[in-house]
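>
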Amino acid sequence: MLQLNDIYKSYDGNVIYSAFSLSVREGVTTGLLGPSGCGKTTLLNMIGGLVKPEKGEVTGVDGKTFSYIFQEPRLLPWLTVRQNLEFVFPGKEASEKIDYFLRLVELQDFADYYPSKLSGGMSQRVSIARAFAMPSDIILMDEPFSGIDVNLKKNIVNKFLQICESDRRTVIYVTHDIDEALEISDDIFVLSKSPVNVVFERQDIKKADILSLKEAIIGSM
Amino acid sequence: MKNSTKNIIIIASVAVLLTLWEVVALCADSEQIMPSPWKVLVKTVMLFGQKDFVFVVFSTILRGVASFVIALLSGVVLGVIAGLHDGFGTFMKPWIVVMRSTPVVAFVLLALIWFSKSTAVFIGVLTMFPIVYTNIVTGIRNVDVKLVEMARFYKVKRKRVIRKVYIPAIAPFIVSGTSTAVGIGWRAIIVGEVLSQPRYGIGGSLQLAQMQMNIDVLIAWTIIAVLLGGLFEKIIRHIENVTIKRHI
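Protein chains in written order, with the working numbering: chain P, 4 to 224; chain G, 1278 to 1525.
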């Protein structure tokens, strides 16, 4: 279990998190749903250790390794698709894994392409392959499907679910899109605006009635 | 514009320049004031045959290479430190302003007292260093912080981050800085040679020709200096193209 206990964090005098606590199950995809600008990225960064909370602690992350799917693909423009994956995951044993995940995101034929030759959706698929090729324990995702064309998004989300199915890992994911969160997540937390609080939570949502769940989420916001 | 059209325009431009030169030479009617282009061309070819021509040219090239290497190494090292640490960048600022705004000739006159024969190298370094340094600092500050953050998050080793993120990102800045520096530095080195009068050197030969009123020799050496300067810039531009193409 990954836990945030009594977290306190402020930016420029504005309190974003005050006595905030959250428990995340391992081996499932947890969606953190909240309005834009409420501090979801800060939450991910605190879990990943990029940002330190002023008070409180994050437990269950010691010795764990992370992958991060950012809002934008963050690929090195001077490296090919394959080299971008090798940059974070070098070594001989990486090669097969990289091939496997490039096949999963259907980019095996684009391994030698530079990012400038790829579309936005293809680049984001590279970023997903990079996160999964890395043998990390926890994958953090910061609105990875926002800003992608609707049809393409469907395709990428399907690929993502397919990968999750074949390679179960702890995925913590933030978004402001309710439908997307319901489609992707196993567990869901709805967050309020700052100071952030959990206003709704539910586990195993794939077994739940999606329509009534959606109504409950909207009602809580 | 097509390349062939560009070439025709360039040839026409050179032809007009040579014609104007010829007209001025005819009007001056004195080889002591303005020799004809043809006479200068013959003199230039004759210079190639002189026994100390190779020494003269290579001495200047050697001074150019020495000052370029010193300026490049110090510019890269100090530029990287200044780019990564704001405090050091601020510390360096007044030094760079002094180097950039002091007239070259003032440095030459001081260097003549301090270094005598090494004046040209000193001047070359002082002229090229701030250009290389400023380009490196700009390059480092332009490195995408999001890429560095991504690398940090994936716990990529520092050495690898420098090799795969920082160096490719600043490479175009290094090359464009060096190509500008070479153009300006080459001219400054020849000015340094004119005043410091080393035994061999294009600048020294220019000064000697001027003192002996051999205007054709003076222009011939100038043409050689221009051709060499152009050649160096072309080499640097070629490296620039190869580097940038490889990285984009």
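C-beta: ideal position from N, C-alpha, C; glycine also.
What is the DSSP secondary structure of residue 203(P), reduced to helix, strand or coil?
Strand.
> How would you write the range of the beta strand (DSSP E) that residue 62(P) sits in, first residue to last?
Note, residue 62(P): beta strand (DSSP E), 58-62.
> If we ignore side chains and look at the alpha-carbon of each, how far apart do residue 1319(G) and residue 1362(G) end up?
Using only the alpha carbons, I get a separation of about 56 Å.
> Given a limit of 8 Å on CB to CB distance, which residues of the stretch 1424-1439 of chain G reach chain P?
Result list: 1424, 1426, 1427, 1428, 1429, 1430, 1431, 1432, 1433 and 1437.
> Would you mind sorting residue 1509(G) into buried or exposed? The rule is 16 or more other CB atoms within 10 Å of its CB.
So residue 1509(G) ends up on the buried side.
> By Cβ distance below 7 Å, which residues in the same chain neighbour residue 1473(G) in space, the five residues on each side in sequence not counted?
Within the same chain, residue 1473(G) has close Cβ partners 1389, 1393, 1394, 1396 and 1397.
> Could you tell me the distance, in whole angstroms, from the CA atom of residue 1429(G) to the CA atom of residue 104(P)?
If I take the Cα positions, the gap works out to 22 Å.
> Span of the alpha helix (DSSP H) holding residue 1356(G)?
Taken as a continuous stretch (DSSP letters only), the alpha helix (DSSP H) holding residue 1356(G) covers 1330-1361.
> In this structure, how does DSSP classify residue 32(P) when only helix, strand and coil are distinguished?
In this structure, residue 32(P) counts as strand in the three-state DSSP scheme.
> Using a C-beta cutoff of 8 Å, does residue 18(P) count as contacting chain G?
It does not; no Cβ of chain G falls within 8 Å.
> Do the stretch 152-159 of chain P and the stretch 77-91 of chain P meet, that is, are 3 or more Cβ pairs less than 8 Å apart?
Contact fails: fewer than three Cβ-Cβ distances are below 8 Å.
> Going along the stretch 141-158 of chain P in order, which residues come within less than 8 Å of chain G, judged by CB to CB distance?
The residues in question: there are none.
> So that I know if they touch, is there some Cβ in chain P lying closer than 8 Å to that of residue 1500(G)?
So no, residue 1500(G) is outside the interface.
> On the DSSP letters alone, give me the boundaries of the beta strand (DSSP E) that residue 115(P) sits inside.
Element bounds for residue 115(P): n/a, residue is neither H nor E.
> Quick check on the DSSP output: the alpha helix (DSSP H) that includes residue 1488(G) runs from which residue to which?
Residues 1479-1488.
> Could you compute how far the alpha carbon of residue 1518(G) sits from the alpha carbon of residue 1446(G)?
Cα to Cα, the separation comes out at about 15 Å.
> In this structure, what does DSSP give as the bridge partners for residue 6(P)?
According to DSSP, which records beta bridges pairwise, residue 6(P) is partnered with 26(P) and 62(P).
> Quick check on residue 1383(G): buried or exposed, where buried means 16 or more other Cβ atoms within 10 Å of its Cβ?
With fewer than 16 Cβ atoms within 10 Å of its Cβ, residue 1383(G) is classed as exposed.
> Kindly list, in the order they appear in chain P, the residues whose Cβ is closer than 8 Å to that of residue 1442(G).
Within 8 Å Cβ-Cβ: 79.
> Can you check which of these residues, 1469(G), 1399(G) and 1479(G), is closest to residue 1346(G) by C-alpha distance?
Nearest option by C-alpha distance: 1399(G).
> Could you check whether the Cβ of residue 51(P) sits closer than 8 Å to any Cβ belonging to chain G?
Closer than 8 Å: yes.
> Leaving aside the five residues before and after residue 111(P) along the sequence, list all residues of the same chain whose C-beta is less than 6 Å from its C-beta, in chain order.
Contacts found: 105.
> Cβ closer than 8 Å: which chain G residues qualify as neighbours of residue 73(P)?
The answer, in chain order, is 1423 and 1427.
> Which residue wins for smallest C-alpha separation from residue 31(P), given the options 4(P), 18(P) and 124(P)?
When only C-alpha atoms are compared, the closest one is 4(P).
> Is it right to say residue 141(P) is buried, meaning 16 or more other beta carbons lie within 10 angstroms of its own, or is it exposed?
Under this definition residue 141(P) is a buried residue.
> For the alpha helix (DSSP H) that contains residue 140(P), what are its first and last residues?
Per DSSP, residue 140(P) belongs to no alpha helix (DSSP H) and is neither H nor E.
> Going by the CB atoms, is the gap between residue 177(P) and residue 224(P) shorter than 8 Å?
Going by C-beta atoms, residue 224(P) is not nearer than 8 Å to residue 177(P).
> Can you check which of these residues, 171(P), 129(P) and 55(P), is closest to residue 107(P) by C-alpha distance?
Comparing Cα positions, the closest option is 129(P).
> For residue 1293(G), which three-state DSSP category applies?
The answer is helix: DSSP assigns residue 1293(G) an H, G or I state.
> Rounded to whole angstroms, how far is the Cβ of residue 1402(G) from the Cβ of residue 1448(G), which I believe are closer than 8 Å?
Wrong, their Cβ atoms sit about 22 Å apart, outside the cutoff.
> On the three-state DSSP scale, how would you describe residue 103(P)?
Three-state result, residue 103(P): helix.
> Please report the distance separating the alpha-carbon of residue 183(P) from that of residue 47(P).
Cα to Cα, the separation comes out at about 18 Å.
> Whose Cβ in chain G lies nearer than 9 Å to the Cβ of residue 27(P)?
Under the 9 Å cutoff, chain G gives no residues; its nearest Cβ is about 18 Å from residue 27(P).
> Beta-carbon of residue 1445(G) versus every beta-carbon of chain P: anything under 8 Å?
Chain P, which has a Cβ nearer than 8 Å to the Cβ of residue 1445(G), makes this yes.
> Among residues of its own chain, excluding the 5 on either side of residue 1331(G), which ones have a beta-carbon nearer than 7 Å to its beta-carbon?
So the list is empty, once near-sequence residues are dropped.
> Hey, residue 19(P) and residue 199(P) are a contact pair by Cβ (cut 8 Å); roughly how many whole angstroms apart?
Confirmed, about 6 Å.
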